[in-house]
Every structure is written in C-alpha cells, then in structure tokens.
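Residue numbers (this note's numbering): 40 to 345. Even glycine gets a Cβ: it sits at the ideal position worked out from N, Cα and C. These numbers were taken from a predicted model, which means no experiment stands behind them. One structure below.
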C-alpha cells in the first residue's frame, strides 16, 4: 500500500492530531483525528489496541455508523474495541457528513442516504483519504484491510467493495444492502452479511421500509448476495445451518480464496446482532443468539487478500 496516492482534488490536511509525533502509540485509547477532504472538515476516531506494537503492520477494520449516527455511536453499538484489544487490530470509526456538525450524519451509499447522497458526497474518496492519513501514523498490513457497517454504513461497505476492491479484502454489512446502479469491482472481495428478516427500515426482501426515514427503495438481501456469489465465482448452492433464530448460509469454491456468507436473523429487525442494546433511542432490540462483531472478526481474520 506504499504506492497508494490520492487524486489531486483530494488533498488531505491533518487539522488536529494528539501530538506532533507521526505515531499512533496510544495503546488501548481512542484517538480523534480531523481531515480537510474535498473542501469539508471530516473526522474519524482511531482505536489502537492494548499492547499495540507500532513497528508491526496491523490489520485495520473500518466500522461505519448507521444513518443519523456518528463514530461514537458505532463504537458503543459494535463493541469492536474489546475484540481489537484481544486480537491486536486497529479500528477506524469514520464520521459521515451532515448539516449538524457531528450529529445526524449519513453516507453516500449510492441511492441512499440523506445529506451525503443528496449532495453527492465522495465517501469512497474520503475513506481512501482516511486510510492514507492512518498510514502516516501507523504500520498497516495492506492485505488485511476490512470494512463493516450498520444500515447506511452497510450500504457504504458494499460501495467500497464495488469501487475500492483494490484496498478492501472483505466487507461485513449489517442491515444494509448493495444500492448501486452499477458495480464493477477490480477483484473478488469476501462478504459476510447480517440481516433481520423482519427489518422494517431496510427490508430483507427489498423495497421501501415501513419505518424508513428516507423513503429510499432498497435492493433485497438476495440480490445483493447473488451479485457477489456470481462475481466471486462461488458455488451456486450454499451450505446451510440453522440454530435458534439464525439461518447461516456459506457459499464456497470462490475465486482467490474469497467467500460469501449470510446470517439471516429469522424475525429479527433493524439491529446489530449481539450488541448490548438498540443502536439508538427507540431502536430495535438485537438478537443475542450470535455476536456479529465476533463473527465479523473471525471472518475477516480468515480472509486476507492473497
């Protein structure tokens, strides 16, 4: 990844750093950073794991908050920091964009959502800029860069797989589908998807959610998954395992060691499985049958770039 370059229009200026030293040496801490990207002040929070060795290239997991949320919300909802401390990977929590500083932020996931979509915000370019900034202060393993996201953050994860497959080895959308008119990835990307079958915000079967705040029409989980089964060249018939309220499907035989998995939460709604509670005030309760975050890291760890 040392040859990674930003386009001329995407010059990044670091506005706020915890110290003048070009280092992420704050093990077990959350480090806020600000960038000037494409004429806007944008930010992210970096979590460095306990016992972090800044001389050893580390895996990186991007976690994108849901529509209307922010980086702090993603930290609380995912619980990914605790796993990072145990397993030794960096976690990046970017902030979307909006009209209210760091509140009610959204991502441009294609046909959704809110301020970011309406203003055609370049969130793929912003993500590349965040990675470039991170590489200035930390050793990053270029074969182990991953993206996970909730809802609108999940739609951005899909977009990153389509438009930044050169960077991301695998993605993990939670309650978010692939909402793009075109997707032409440069190489296979592994995928693990979590979705409640009774999601009333972003419906499992696609369409407009009965409780959607955007009115956007979403692609179904099946169509999103089918695209990657085909593109990755996987076997058409999955291995299926059902337990409690979970149906787990795995498509194997994919190109370049990639894989596609789906965890359907039967009767589940719009939530991050295994989270300690709803992702927002009045949100849906998550199933406790599985921990999406634990399964996400297990999947990511098994699927680096070849």
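What residue range is occupied by the uninterrupted alpha helix (DSSP H) comprising residue i?
i           : result
residue 174 : 162-176
residue 334 : 331-341
Just the Cα atoms here: how many angstroms apart are residue i and residue j?
i           : j           : result
residue 323 : residue 164 : 32 Å
residue 218 : residue 139 : 25 Å
residue 226 : residue 97  : 22 Å
residue 145 : residue 257 : 16 Å
residue 254 : residue 151 : 9 Å
residue 314 : residue 331 : 8 Å
residue 193 : residue 288 : 19 Å
residue 325 : residue 212 : 15 Å
residue 292 : residue 168 : 34 Å
residue 305 : residue 93  : 42 Å
residue 327 : residue 334 : 13 Å
residue 206 : residue 180 : 11 Å
Any idea if residue i is buried or exposed, counting beta-carbon neighbours within 10 angstroms, 16 or more meaning buried?
i           : result
residue 279 : exposed
residue 341 : exposed
residue 159 : exposed
residue 157 : exposed
residue 344 : buried
residue 252 : exposed
residue 275 : exposed
Can you name the start and end residues of the beta strand (DSSP E) that residue i belongs to?
i           : result
residue 235 : 229-235
residue 300 : 299-304
residue 184 : 179-189
residue 101 : 97-103
Kindly identify the DSSP beta-bridge partner or partners of residue i.
i           : result
residue 72  : 83
residue 212 : 188
Are any of the Cβ atoms in chain D nearer than 8 Å to that of residue i?
i           : result
residue 107 : Although the question refers to chain D, the structure presented lacks it and comprises just one protein chain.
Q) How about the stretch 173-184 and the stretch 102-110: do they share at least three Cβ pairs that are nearer than 8 Å? A) Judged by Cβ distances under 8 Å, the stretch 173-184 makes no contact with the stretch 102-110, as fewer than three pairs qualify.
(Q) Quick test of the definition: if touching needs 3 or more C-beta pairs under 8 Å, does the stretch 240-249 touch the stretch 197-204? (A) As far as the Cβ criterion goes, the stretch 240-249 does not touch the stretch 197-204, which means the pair count is below three.
Q. Is the stretch 84-95 touching the stretch 124-140 in the sense that three or more CB pairs, one from each, lie closer than 8 Å?
A. The stretch 124-140 vs the stretch 84-95: in contact.
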